[in-house]
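Here the structure comes first, spelled out in structure tokens, and everything after it is commentary.
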Amino acid sequence: MTRPVYLDGDGAAVQIGDAALDVLLAHRQIADDAPELGGVLLGRYIIGTKDIVIDSTTVPMHGDIGSRFGFHRSAEPHQKALDFAWHQSGGTTHYLGEWHTHAEPDPTPSAVDLDDWARRLREGWGTSGDTPLLFVIVGQERTRMWRGDRATLAIVELKERGRMTHGKIGYEAYGEAAGWKTFDGRPMPTWEQLQATETGRETCRRWEVAAAAIRVAP
Ligand SMILES: [Zn+2]
55 MTRPVYLDGD
65 GAAVQIGDAA
75 LDVLLAHRQI
85 ADDAPELGGV
95 LLGRYIIGTK
105 DIVIDSTTVP
115 MHGDIGSRFG
125 FHRSAEPHQK
135 ALDFAWHQSG
145 GTTHYLGEWH
155 THAEPDPTPS
165 AVDLDDWARR
175 LREGWGTSGD
185 TPLLFVIVGQ
195 ERTRMWRGDR
205 ATLAIVELKE
215 RGRMTHGKIG
225 YEAYGEAAGW
235 KTFDGRPMPT
245 WEQLQATETG
255 RETCRRWEVA
265 AAAIRVAP
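Residue numbering for the sequence shown follows the numbering used here, starting at 55 and increasing by one per position.
Given below as structure tokens:
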């Protein structure tokens, strides 16, 4: 299982579910003449936290206009898909924001993108209240995410924590439970620090073996 997670400075996390991620990655602009594509992000606010889960997305639809370096999403078909998802879910699936592709490995928002995002924040797209709007750009190699604040109109990039493996999930849960100290009180390295050395990578491999054993346990 892979779980890309994006974090903001407040400790809030945004997770892109596997199904949604598959759709996003399937639309990457890999071919030389592939146009920009996009849609809306759909998902849930996790009650009692600031966390958000992106469960699904709309896909390119009739009326969208995409060129190699530009994308305009048609309003009505995506809205219809959004309304349908909202009803189907009993009102728990919300509009969370927008995604589109870029024909570059590591995507950065254009001036047009930033204007468009600011406009959606000003116009109060999506649910009311202080929930943020999310903006995803799917590059050829990286997928990056920004969070827009409705009150301040500030747009900040969320930090990608990287794809989580079961071994890493277990290691980090252990680390947090242990205050990031080893059994004899020494500081515990992070997963990323382990990845930097041969013996560290062997430790990571053992955690993956342990996690796999737990997963198949009855
Ligand atoms: Zn763009």
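The beta-carbon is built from N, C-alpha and C at its ideal position, and this holds for glycine as well.
Annotation for residue 156 indicates a beta carbon within 7 Å of some heavy atom of ligand 1. If the five residues before and after residue 104 are omitted, its C-beta is found closer than 7 Å to the C-beta atoms of 64 and 66, all from its own chain and listed in chain order. In the three-state reduction of the DSSP assignment, residue 189 falls in the strand class. Sequence-distant partners of residue 69 (beyond 5 residues in either direction) whose C-beta falls short of 8 Å from its own C-beta, in its chain, are 57, 58, 59, 60, 105, 106, 107 and 108. Per DSSP, residue 220 is one residue of the alpha helix (DSSP H) stretching across 220 to 231. Per DSSP, residue 253 is one residue of the alpha helix (DSSP H) stretching across 252 to 270. DSSP places residue 83 in the coil class of the three-state scheme, outside both helix and strand. Judged by their CB atoms, residue 180 and residue 148 are nearer to each other than the 8 Å cut-off. For residue 261, the closest of 245, 79, 272 and 252 by C-alpha to C-alpha distance is 245.
Apart from the 5 residues on each side of it in sequence, residue 167 has no Cβ closer than 7 Å to any other Cβ in its chain. Residue range 106 to 111 is occupied by the beta strand (DSSP E) that includes residue 109. The C-alpha of residue 125 lies about 46 Å from the C-alpha of residue 267.
For residue 157, there is no enclosing beta strand (DSSP E), as DSSP gives it neither H nor E.
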